[in-house]
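Protein chains in written order, with full-length UniProt numbering: chain G, 1 to 217; chain W, 1 to 217.
Some notes on the structure that comes next.
2 protein chains.
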Amino acid sequence: MKQFVVIGLGRFGSSVATTLAENGYDVLAIDKNADRVQALADQVTHAVEADATDEDALKTLGVRNFDVAVVSIGDDVSANILCTLILKELNVPYVIVKAPDKLHGKVLTKIGADRVVYPERDMGARIAHNLISSNVLDYIEFAPDYGVIEIIAADKMVGKTLKELELRSRFNVNVMAIKRGEDLHISPGADDKVLEGDRLVVMGKNESLDQIKNYGS
Amino acid sequence: MKQFVVIGLGRFGSSVATTLAENGYDVLAIDKNADRVQALADQVTHAVEADATDEDALKTLGVRNFDVAVVSIGDDVSANILCTLILKELNVPYVIVKAPDKLHGKVLTKIGADRVVYPERDMGARIAHNLISSNVLDYIEFAPDYGVIEIIAADKMVGKTLKELELRSRFNVNVMAIKRGEDLHISPGADDKVLEGDRLVVMGKNESLDQIKNYGS
Ligand SMILES: Nc1ncnc2c1ncn2[C@@H]1O[C@H](COP(=O)(O)OP(=O)(O)OP(=O)(O)O)[C@@H](O)[C@H]1O
Ligand SMILES: Nc1ncnc2c1ncn2[C@@H]1O[C@H](COP(=O)(O)OP(=O)(O)OP(=O)(O)O)[C@@H](O)[C@H]1O
Ligand SMILES: [Ca+2]
Ligand SMILES: [Ca+2]
Ligand SMILES: [Ca+2]
Ligand SMILES: [Ca+2]
Chain G
1 MKQFVVIGLG
11 RFGSSVATTL
21 AENGYDVLAI
31 DKNADRVQAL
41 ADQVTHAVEA
51 DATDEDALKT
61 LGVRNFDVAV
71 VSIGDDVSAN
81 ILCTLILKEL
91 NVPYVIVKAP
101 DKLHGKVLTK
111 IGADRVVYPE
121 RDMGARIAHN
131 LISSNVLDYI
141 EFAPDYGVIE
151 IIAADKMVGK
161 TLKELELRSR
171 FNVNVMAIKR
181 GEDLHISPGA
191 DDKVLEGDRL
201 VVMGKNESLD
211 QIKNYGS
Chain W
1 MKQFVVIGLG
11 RFGSSVATTL
21 AENGYDVLAI
31 DKNADRVQAL
41 ADQVTHAVEA
51 DATDEDALKT
61 LGVRNFDVAV
71 VSIGDDVSAN
81 ILCTLILKEL
91 NVPYVIVKAP
101 DKLHGKVLTK
111 IGADRVVYPE
121 RDMGARIAHN
131 LISSNVLDYI
141 EFAPDYGVIE
151 IIAADKMVGK
161 TLKELELRSR
171 FNVNVMAIKR
181 GEDLHISPGA
191 DDKVLEGDRL
201 VVMGKNESLD
211 QIKNYGS
């Protein structure tokens with residue numbers, strides 16, 4: 001079973017650490033701030049106060065034996081970079097780093113980061129897409145140019161079956177699920193009828209999704 | 001067409017503002033920091049330096065005429081709350097606020113925030129799920145208990161059609177798409193064959209997804 005070390009316990013790092021631990025994985029959580037360490041102490045395998053730019057400290061903690069390191073040292077970009085460098089020198093196989101922006105992301109990749117993530121930017125784009133159309137409840141980018149949206153069924157759709165709506169041939173989109181109240185109906189069939197208040201989860205190219213978003217209006 | 005005001009131009013707020021603007025929407029971007037305002041000046045309709053806890057300043061900017069406000073004043077929680085309060089008093093119909101944690105999220109909801117978001121926490125959980133299984137390339141939470149994962153086709157699957165694999169009846173999951181190289185094949189049919197190196201995009205309950213993740217190993 002893989003072992004994880006999470007360095008920097010801001011909102012992002014803490015969420016990574018607790019989610020891994022909840023799923024039964026070994027997690028070593030490191031922060032230089034004692035309060036942040038304390039907050040996670042009961043939730044992960046080990047929570048330790050240490051400076052992640054101190055190579056000896058990381059060696060002593062046995063970081064080289066971990067399979068995956070997640071680094072998110074927030075706004076202290078130089079510490080983020082230095083820590084990543086040390087982890088790769090210690091031969092940690094997979095190091096994933098939260099970067100503040102593309103420029104630092106490039107630097108992190110150059111020095112060996114295996115994956116760079118931009119949580120605030122990605123979630124900002126996702127929420128913006130949600131907001132653009134009032135009948136769109138959620139949007140997830142799925143692949144470049146492809147997304148999944150959740151829309152409120154337009155009046156025109158209500159009472160018709162999926163076959164009658166022909167969304168596939170007309171818009172080149174795929175209805176993955178119908179949400180009805182608390183129920184989620186996965187992969188509905190051609191004869192399933194859309195009811196008032198249903199939310200449809202639809203996948204397709206972004207341009208096709210734009211069309212279906214405007215279908216009702 | 002809806003008009004948006006974005007207050008607080010950290011990574012999250014900036015990403016919301018530029019994504020909306022790229023999609024052709026009117027965006028008023030506000031921050032008390034002149035550099036942050038300057039950085040967005042060319043990318044949004046208006047970028048203005050102002051203190052978002054100053055009710056008169058917000059009135060003067062005509063904030064009451066906007067349809068949607070997005071507030072993300074980072075770690076200054078009291079400013080986040082005060083600004084949200086002012087916006088709801090000015091009758092902005094939809095106010096969405098980035099919160100640092102659940103506790104502040106509750107306060108924000110109580111004082112009228114229409115939606116509270118936790119970008120770092122949500123992305124942390126998403127990345128943790130990605131990391132847990134090495135054949136899982138991506139995980140998206142879709143509804144409580146439901147997710148979408150992208151997995152590398154297990155050796156056992158290669159050469160078989162979707163019908164032969166019977167993933168639906170055996171695991172109660174739904175193959176939404178097959179990724180092959182740069183191609184994305186949406187809603188594959190029963191006779192589509194899985195090839196070596198294919199990535200399958202699969203939707204289902206989290207417990208079903210856990211089973212299929214381990215199918216190959
Ligand atoms: N050299 C270091 N060694 C260990 N931990 C560090 C070091 N430098 C900073 N940290 C820790 O990294 C964490 C970074 O979180 P911080 O809140 O500053 O960033 P952030 O980008 O706002 O994070 P988030 O957006 O995920 O909340 C803090 O808990 C801080 O104590
Ligand atoms: N009273 C205020 N009025 C307007 N803007 C404010 C006010 N207080 C703070 N801000 C701005 O809000 C922004 C918050 O971003 P900051 O980087 O501090 O938070 P953050 O949570 O780390 O954001 P992100 O994670 O999205 O980068 C800053 O640009 C700051 O200037
Ligand atoms: Ca922080
Ligand atoms: Ca910041
Ligand atoms: Ca911060
Ligand atoms: Ca942040």
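For each residue, glycine too, the CB sits at the ideal point set by N, CA and C.
- A Cβ-Cβ separation of about 5 Å places residue 16 of chain G in contact with residue 6 of chain G under the 8 Å criterion.
- With a contact defined as Cβ atoms closer than 8 Å, residue 112 of chain G and residue 70 of chain G miss out at about 15 Å.
- At the C-beta level, residue 203 of chain W and residue 148 of chain W come within 7 Å of one another.
- In terms of Cα proximity to residue 88 of chain G, the closest of G:65, G:76, G:159 is G:65.
- Distance from the CA atom of residue 166 of chain G to the CA atom of residue 169 of chain W, rounded to whole angstroms, is 26 Å.
- Around residue 114 of chain W, the same chain offers 94, 95, 96 as residues with beta carbons nearer than 7 Å, after the five sequence neighbours per side are excluded.
- The alpha-carbon separation between residue 24 of chain G and residue 29 of chain W amounts to approximately 43 Å.
- Of the heavy atoms belonging to ligand 1, none sits nearer than 6 Å to the Cβ of residue 2 of chain W.
- Interface with chain W (7 Å Cβ-Cβ cutoff): residue 146 of chain G is included.
- For residue 101 of chain W, the CB stays at least 6 Å from every heavy atom of ligand 2.
- With a 10 Å radius around the Cβ and a threshold of 16 neighbouring Cβ atoms, residue 207 of chain W comes out exposed.
- Chain G has a Cβ within less than 7 Å of the Cβ of residue 12 of chain W.
- For residue 67 of chain G, there is no enclosing beta strand (DSSP E), since its DSSP letter is neither H nor E.
- Taking a cut-off of 6 Å from the heavy atoms of ligand 6, the residues with a C-beta inside it are G:120, W:120.
- Looking at the backbone, the Cα of residue 145 of chain G and that of residue 205 of chain G are separated by about 6 Å.
- When the alpha-carbon of residue 119 of chain G is set against those of G:181, G:99, G:176, G:164, the nearest one is in G:99.
- As computed with DSSP, residue 46 of chain G is found in a beta bridge with G:28.
- The beta carbon of residue 171 of chain G sits closer than 6 Å to the beta carbons of 208, 211, 212 from its chain, once the five residues preceding and following it are set aside; these are given in chain order.
- Here residue 199 of chain G really is in contact with residue 153 of chain G; their C-beta atoms are around 7 Å apart, less than 8 Å.
- When the alpha-carbon of residue 37 of chain G is set against those of G:60, G:8, G:56, the nearest one is in G:8.
- Residues 167, 202, 204, 208, 212 of the same chain have their beta carbon placed closer than 6 Å to that of residue 173 of chain G, with the five preceding and five following residues left out of the count.
- In terms of beta-carbon proximity, residue 169 of chain G stays away from the interface with chain W, with every pair separated by 7 Å or more.
- Contact between residue 79 of chain W and residue 52 of chain W holds, since their C-beta atoms are separated by about 7 Å, short of 8 Å.
- Taking the Cβ of residue 53 of chain W as the reference point, at least one heavy atom of ligand 2 falls within a distance shorter than 6 Å.
- The Cβ-Cβ distance between residue 84 of chain W and residue 58 of chain W does not fall below 7 Å.
- Ligand 1 never approaches residue 171 of chain W closely enough for any of its heavy atoms to be under 6 Å from the residue's Cβ.
- Apart from the 5 residues on each side of it in sequence, residue 158 of chain W sits with its Cβ closer than 7 Å to the Cβ of 194, 195, 196 in its chain, given in chain order.
- A distance of 7 Å or more separates the beta carbons of residue 31 of chain W and residue 45 of chain W.
- Under the Cβ distance rule, residue 174 of chain W counts among the residues neighbouring chain G, one pair being separated by less than 7 Å.
- Remark: the C-beta of residue 61 of chain G is outside contact range of ligand 1, defined as less than 6 Å to any heavy atom.
- For residue 125 of chain W, the closest of G:2, G:1, G:18 by C-alpha to C-alpha distance is G:18.
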